[in-house]
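Participant: Please read through the structure below; I'll follow up with questions.
Protein chains: 2
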Amino acid sequence: MNIITGGVTSPKGFKAAGIYAGIKKKRKDMALVYSTVPAKGAGTFTTNIVKAAPVLWDIKLTKESENIQALVINSGVANACTGKEGEKNNFLMAKAVADELQLPVEAVYTASTGVIGKQLPIDIIKEGIPKLVKELEDTKEAASMAAEAIMTTDTYSKEYAVTFNLGQKQVTIGGMAKGSGMIHPNMATLIGVITTDIAISKDLLQEALKENVKHTFNMISVDRDTSTNDTLIALANGMAGNNTITEKNEDYDIFCKALNLVTSNLAKMIAADGEGATKLLEVTVKSAKTWEEAVNLSKSIITSNLVKTAIFGNDANWGRILCAMGYCGVEFDPNKVDIFIESNGGSLKLVEDGVAADYSEEMASNILSSQEIRVIADIKQGLAHATAWGCDLSYDYVKINAEYRS
Amino acid sequence: MNIITGGVTSPKGFKAAGIYAGIKKKRKDMALVYSTVPAKGAGTFTTNIVKAAPVLWDIKLTKESENIQALVINSGVANACTGKEGEKNNFLMAKAVADELQLPVEAVYTASTGVIGKQLPIDIIKEGIPKLVKELEDTKEAASMAAEAIMTTDTYSKEYAVTFNLGQKQVTIGGMAKGSGMIHPNMATLIGVITTDIAISKDLLQEALKENVKHTFNMISVDRDTSTNDTLIALANGMAGNNTITEKNEDYDIFCKALNLVTSNLAKMIAADGEGATKLLEVTVKSAKTWEEAVNLSKSIITSNLVKTAIFGNDANWGRILCAMGYCGVEFDPNKVDIFIESNGGSLKLVEDGVAADYSEEMASNILSSQEIRVIADIKQGLAHATAWGCDLSYDYVKINAEYRS
Chain A
1 MNIITGGVTS PKGFKAAGIY AGIKKKRKDM ALVYSTVPAK GAGTFTTNIV
51 KAAPVLWDIK LTKESENIQA LVINSGVANA CTGKEGEKNN FLMAKAVADE
101 LQLPVEAVYT ASTGVIGKQL PIDIIKEGIP KLVKELEDTK EAASMAAEAI
151 MTTDTYSKEY AVTFNLGQKQ VTIGGMAKGS GMIHPNMATL IGVITTDIAI
201 SKDLLQEALK ENVKHTFNMI SVDRDTSTND TLIALANGMA GNNTITEKNE
251 DYDIFCKALN LVTSNLAKMI AADGEGATKL LEVTVKSAKT WEEAVNLSKS
301 IITSNLVKTA IFGNDANWGR ILCAMGYCGV EFDPNKVDIF IESNGGSLKL
351 VEDGVAADYS EEMASNILSS QEIRVIADIK QGLAHATAWG CDLSYDYVKI
401 NAEYRS
Chain B
1 MNIITGGVTS PKGFKAAGIY AGIKKKRKDM ALVYSTVPAK GAGTFTTNIV
51 KAAPVLWDIK LTKESENIQA LVINSGVANA CTGKEGEKNN FLMAKAVADE
101 LQLPVEAVYT ASTGVIGKQL PIDIIKEGIP KLVKELEDTK EAASMAAEAI
151 MTTDTYSKEY AVTFNLGQKQ VTIGGMAKGS GMIHPNMATL IGVITTDIAI
201 SKDLLQEALK ENVKHTFNMI SVDRDTSTND TLIALANGMA GNNTITEKNE
251 DYDIFCKALN LVTSNLAKMI AADGEGATKL LEVTVKSAKT WEEAVNLSKS
301 IITSNLVKTA IFGNDANWGR ILCAMGYCGV EFDPNKVDIF IESNGGSLKL
351 VEDGVAADYS EEMASNILSS QEIRVIADIK QGLAHATAWG CDLSYDYVKI
401 NAEYRS
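Right, here's the structure in full:
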């Protein structure tokens, strides 16, 4: 498996574009991903009861459409809590893309991200779409333009791509994502787009995606707020020419591994670029009784404001870690827990059997001053483990979110 | 029912003291509450799996001791995650108080608050206890000293007291509490102490307290972190001379109402004085199908970092409120929700049937710039309602918690 420089245009037959249409003040605000041939579409979406108009549309298409060929995304306005007018505007956005590309409207996924409660500026969007279509290209630069156009409070765009072989055929998976705030995905993250030229049945593409997010996008959290707009879309257009995957064979397993590499790296980028974040926090809980318990424990640690602020302050305040484990509802023996920290600054055991190990606070602080921190909690109860990713909580998180709309 | 100036020494037969023993750098760090006659003791405690040594001790006493006569509290060190040594030190603290007051050790409750993972400085504590006992007085000033000595990052001490009549007898309830961080109580808050001279059976005192916290201390959150030390203790010494309450009669109901007045006000003070807080946020969810659903919805709103930062920024970003309701697991129709905000700056409808109402952002911002904000969400599903209390999330929250141990 090879990691390559690239994004959503890396697989054969995919084009992309990202432009400034005028929804936001100055930054790019519309993106389009297009497959030159019909593709299978799969998606996982927010479990929030309050679902944005594009999420409702995409859920319908994922169920009913055999072929998907385009995905249009705007940033700046989330088109959530916008009622019937919002649904109508979303349809008009899909329709304008369909008309311009001469596709049925049911072949066009939509996604929106930004402020909740405002209506889409549909006239601006309709004016932007012909321009967007005209810019479509299959270059790396075009993929990067698209990745940039979906950003909100992200500080950098997020792309990842891998290639691998199935038989004699080279298959490519590309991806882009945006995150930053309202990130505590439950079924998918704010917006993630995966393109691939693999030939695979729609059902297996959906299943691979659904299983995948449990271990990747669903394992990150910036602020414990599950968005109204979480959307992860995968498009597979078959142009790699491999034998179409229609059962869970070896090819399927290889595809799932490659997909995991793309999505887990995009997920980590989202966690590391959480609003105001200065550090990526990776937490692994080892030796739990079940995977579900390891997930609960690791997510409880990465979502604790007290853990996050301690990490920001380079403070090895492990009591907050053990406390966060203790209130998440999982039964374990606190007197058996060991806790370690690691970074490129070194590694250290902080806790042995539930009480303070003999360690140097200075060395601990030194380890925590790196940009990527790993916490390992060994609870010695069983054989399951899970890893979750989050970030620290800084002054800038407050600044960004107290002033977001102003 | 009369609200009076006072605290834990207001009921007949209670004395208190608060001193500087040397556990913390400069501030008072030990408190004692003493009943001159044996009292019934009741308590509710953290549901965190990780329970501090004093919590384990108090749970045992609440089950097994018929009479309680003293409660000793230290701040600065939480005596949590301290293993067998922590349990031994806790016992020595109780024993020193018992010896000094000539009581059995089983008559002495303990509580600790502060940093997790450090052992109690037991020699300093043992030296402090004779001094503490010597300072015991039944004055308002003594109660205030005690309330001050249990503070950690609190910015002011929290006391409340009421009197009411049962037959010809005047009954008094006094209380003190501390909060500030790691405040998301589940069964009790960090430390709350209720004294009363009412005559009541131990079982009914326990039941009244348990029912009470569901609506008061369990309805507040500062940071969604359920502490290892949450402790609410009630002592009733019978000195009011009322007919002893041994069944759920009218006297019991009056007592419960008075208790609610004390605990709900202490709980609100804790929320308002949350770490870094500049505002008290009161959220009422109306017209839910069940009380449990109203509780989940209201707590989901007050614990959302995105809601809390918006409130800090005087930003009527109601999409975050509706979003937080949507991910808490309660089924409701987002298209039926109305949301209102109120303060002494006025009142305003922000949302009508799930979409933006016609309101002035300037007026909304004006309302939110007050120190006490009320949010009312009417979901039009049923007849149940619940109120929760929280606070905003400010730069100072990050400052306090990134630098807590340094």
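Residue numbers (full-length UniProt numbering), protein chains in the order written: chain A, 1 to 406; chain B, 1 to 406. For glycine and all other residues, C-beta sits at the position ideal for the given N, C-alpha and C.
Run down chain A in chain order and give the residues with a C-beta less than 9 Å from the C-beta of Tyr-156(B).
Facilitator: Numbered from 1 along the second sequence, position 156 holds the residue referred to as residue 156(B). Within 9 Å Cβ-Cβ: nothing; Tyr-156(B) doesn't reach chain A, min ~22 Å.
Participant: Rounded to whole angstroms, how far is the Cβ of Ile-23(B) from the Cβ of Pro-121(B), which I believe are closer than 8 Å?
Facilitator: Residue numbering aside, residue 23(B) sits at position 23 when the second sequence is read from its first letter. Residue numbering aside, residue 121(B) sits at position 121 when the second sequence is read from its first letter. Indeed, because the Cβ distance is near 6 Å, the residues count as touching under 8 Å.
Participant: What does the Cβ neighbour count give for Tyr-155(A), buried or exposed, with the cut at 16 atoms within 10 Å?
Facilitator: Translated into positions along the first sequence, residue 155(A) becomes position 155. The question names Tyr, yet the displayed sequence has Thr at residue 155(A). So Thr-155(A) ends up on the exposed side.
Participant: Using a Cβ-Cβ cut-off of 8 Å, state whether Lys-87(B) counts as contacting chain A.
Facilitator: The sequence position of residue 87(B) within the second sequence is 87, counting from 1. According to the sequence shown, residue 87(B) is Glu rather than Lys. No - not a single Cβ of chain A is within 8 Å of the one on Glu-87(B).
Participant: Which term fits Ile-129(B), buried or exposed, when burial requires 16 or more other beta carbons within 10 angstroms of its beta carbon?
Facilitator: Your numbering for residue 129(B) matches position 129 in the second sequence. It is buried - the Cβ of Ile-129(B) has at least 16 other Cβ atoms within 10 Å.
Participant: Does the segment 98–113 of chain B come within contact of the segment 66–73 of chain B, defined as at least 3 CB pairs closer than 8 Å?
Facilitator: Verdict: yes, contact present.
Participant: What number of angstroms, rounded off, separates the C-alpha of Val-97(B) from the C-alpha of Val-55(B)?
Facilitator: The residue labelled residue 97(B) in the question sits at position 97 within the second sequence. The residue labelled residue 55(B) in the question sits at position 55 within the second sequence. The straight-line gap from Cα to Cα measures roughly 17 Å.
Participant: Give the DSSP bridge partners of Phe-14(B), in chain order.
Facilitator: As a first step, residue 14(B) is located in the second sequence; it is residue number 14 there, counting from the start. Per DSSP, Ser-35(B).
Participant: Going by Cα to Cα distance, which pick from Asp-358(B), Lys-60(B), Pro-334(B) and Leu-280(B) is closest to Lys-308(B)?
Facilitator: For the purposes of this step, residue 308(B) is taken as the residue at position 308 of the second sequence. Here the closest residue by C-alpha is Leu-280(B).
Participant: In three-state terms, what does DSSP make of Ala-357(A)?
Facilitator: Start at 1 with the first residue of the first sequence, and residue 357(A) comes out as number 357. Reduced to three states, the DSSP call for Ala-357(A) is coil.
Participant: Taking the beta carbon of Arg-320(A) as the centre, do at least 16 other beta carbons fall within 10 Å, making it buried, or is it exposed?
Facilitator: In the first sequence, the residue the question calls residue 320(A) occupies position 320. Classification for Arg-320(A): buried.
Participant: Going straight from the alpha carbon of Ile-191(A) to that of Thr-163(A), what length do you get?
Facilitator: Taking the first residue of the first sequence as position 1, residue 191(A) is located at position 191. Taking the first residue of the first sequence as position 1, residue 163(A) is located at position 163. C-alpha separation (whole angstroms): 22 Å.
Participant: For chain B, is any of its Cβ atoms less than 8 Å away from the one on Pro-54(A)?
Facilitator: To locate residue 54(A), count along the first sequence from 1; it is residue 54. No, Pro-54(A) does not count as interfacial toward chain B.
Participant: Which value, in whole angstroms, describes the spacing of the CA atoms of residue 440(B) and Thr-9(B)?
Facilitator: Because chain B here runs from 1 to 406, residue 440(B) falls outside it and cannot be looked at.
Participant: Is it the case that the Cβ atoms of Ala-78(B) and Gly-114(B) are separated by a distance below 8 Å?
Facilitator: Your numbering for residue 78(B) matches position 78 in the second sequence. Your numbering for residue 114(B) matches position 114 in the second sequence. Taking 8 Å as the Cβ cut-off, Ala-78(B) and Gly-114(B) qualify as a contacting pair.
Participant: Between which residues of its own chain and Lys-336(B) is the CB-CB distance below 7 Å, once the five residues before and five after are set aside?
Facilitator: In the second sequence, counting from the first residue as 1, residue 336(B) sits at position 336. Result list for Lys-336(B): Asp-353, Gly-354, Ile-379 and Lys-380, in chain order.
Participant: Would you please verify whether the beta carbon of Val-72(B) is less than 8 Å from any beta carbon of chain A?
Facilitator: Mapped onto the second sequence, residue 72(B) falls at position 72. Output row for Val-72(B): interface = no.
Participant: Quick one: what's got a C-beta closer than 7 Å to Ala-188(B)'s C-beta in the same chain, skipping five residues either side?
Facilitator: For this step, residue 188(B) is matched to residue 188 along the second sequence. Because the pLDDT of Ala-188(B) is 40, which lies under 50, any placement of that residue in the model is unreliable, and the number read from its coordinates should be weighed accordingly. The answer, listed in chain order, is Thr-44, Phe-45, Thr-46, Val-213, Phe-217, Asp-230, Thr-231 and Leu-232.
Participant: Could one say the Cβ of Tyr-327(A) lies closer than 8 Å to chain B's Cβ atoms, at least one of them?
Facilitator: Within the first sequence, residue 327(A) is the residue found at index 327, counting from 1. So yes, Tyr-327(A) belongs to the interface.
Participant: Find the residues of chain B that neighbour Val-355(A), judging by a C-beta separation of less than 7 Å, and give them in chain order.
Facilitator: Here residue 355(A) is taken as the residue at index 355 of the first sequence, counted from 1. Per Cβ cutoff of 7 Å: Cys-81, Thr-82 and Gly-83.
Participant: Alpha carbon to alpha carbon, how far is Gln-119(A) from Leu-255(A)? Give it in angstroms, no decimals.
Facilitator: Along the first sequence, read from residue 1 onward, the residue named residue 255(A) stands at position 255. Along the first sequence, read from residue 1 onward, the residue named residue 119(A) stands at position 119. The sequence given here has Phe at residue 255(A), not Leu. Rounded to whole angstroms, Phe-255(A) to Gln-119(A) spans 39 Å at the Cα level.
Participant: Considering only the beta carbon of each residue, do Asn-305(A) and Val-330(A) sit closer than 8 Å?
Facilitator: As a working note, residue 305(A) is residue 305 in the first sequence. As a working note, residue 330(A) is residue 330 in the first sequence. No. Outside cutoff.
Participant: Is there a C-beta anywhere in chain A that falls below 8 Å from the one on Tyr-359(B)?
Facilitator: Translated into the one-based positions of the second sequence, residue 359(B) becomes position 359. No, because no Cβ of chain A sits closer than 8 Å to the Cβ of Tyr-359(B).
Participant: Look up Phe-217(A) in the DSSP assignment and say whether it is helix, strand or coil.
Facilitator: By one-based count along the first sequence, residue 217(A) stands at place 217. Phe-217(A) falls in the helix class under three-state DSSP.
Participant: Going straight from the alpha carbon of Glu-100(A) to that of Ser-112(A), what length do you get?
Facilitator: Residue 100(A) sits at position 100 when you count from the first residue of the first sequence. Residue 112(A) sits at position 112 when you count from the first residue of the first sequence. Distance between the alpha carbons of Glu-100(A) and Ser-112(A) is about 19 Å.
Participant: Are the Cβ atoms of Lys-268(B) and Ala-377(B) separated by less than 8 Å?
Facilitator: Sequence index remark: in the second sequence, residue 268(B) carries index 268 (1-based). Sequence index remark: in the second sequence, residue 377(B) carries index 377 (1-based). Against a cut-off of 8 Å, the Cβ pair of Ala-377(B) and Lys-268(B) comes out as no contact.
Participant: By Cβ distance below 6 Å, which residues in the same chain neighbour Leu-136(B) in space, the five residues on each side in sequence not counted?
Facilitator: Residue mapping note: residue 136(B) aligns to position 136 of the second sequence, counting from 1. Lys-15, Ala-17 and Tyr-34.
Participant: At the 8 Å Cβ level, is Ile-191(B) part of the contact set with chain A, yes or no?
Facilitator: Within the second sequence, residue 191(B) is the residue found at index 191, counting from 1. Answer no: the Cβ-Cβ gap between Ile-191(B) and chain A never drops below 8 Å.
Participant: Three-state secondary structure (DSSP) at Arg-27(A)?
Facilitator: Numbered from 1 along the first sequence, position 27 holds the residue referred to as residue 27(A). Looking at Arg-27(A) - three-state DSSP - the assignment turns out to be coil, as it is neither helix nor strand.
Participant: Contact criterion: CB-CB distance below 8 Å. Does Leu-368(A) meet it with respect to chain B?
Facilitator: Taking the first residue of the first sequence as position 1, residue 368(A) is located at position 368. Judged by the 8 Å Cβ criterion, Leu-368(A) is not in contact with chain B.
Participant: Helix, strand or coil for Asp-138(A) per DSSP?
Facilitator: In the first sequence, the residue the question calls residue 138(A) occupies position 138. Three-state DSSP puts Asp-138(A) in coil, outside helix and strand.
Participant: In terms of alpha-carbon separation, which member of Ser-347(B), Met-325(B), Thr-228(B) and Gly-238(B) lies closest to Leu-205(B)?
Facilitator: The sequence position of residue 205(B) within the second sequence is 205, counting from 1. Of the candidates Ser-347(B), Met-325(B), Thr-228(B) and Gly-238(B), the one whose C-alpha sits nearest the C-alpha of Leu-205(B) is Gly-238(B).
Participant: Confirm, please, whether the CB-CB distance from Ile-270(B) to Ala-234(B) is below 8 Å.
Facilitator: Counting from 1 along the second sequence, the entry for residue 234(B) is found at position 234. Counting from 1 along the second sequence, the entry for residue 270(B) is found at position 270. Contact: no.
Participant: On the DSSP bridge list, what partners appear for Ser-391(A)?
Facilitator: On the first sequence, residue 391(A) is found 391 positions in, with the first residue counted as 1. Rather than Ser, the amino acid found at residue 391(A) in this sequence is Cys. Leu-280(A), per the DSSP bridge assignment.
Participant: May I ask you to report which of helix, strand or coil DSSP gives Thr-189(B)?
Facilitator: By 1-based counting over the second sequence, the position of residue 189(B) is 189. Confidence at Thr-189(B) is low in this model, with a pLDDT of 45, below 50, so its placement is unreliable and the value that follows should be read with caution. Here Thr-189(B) sits in coil by DSSP.
Participant: Between Pro-130(A) and chain E, is the shortest Cβ-Cβ distance under 8 Å, so that the two count as touching?
Facilitator: Absent from the structure is chain E; the protein chains it does hold are A and B.
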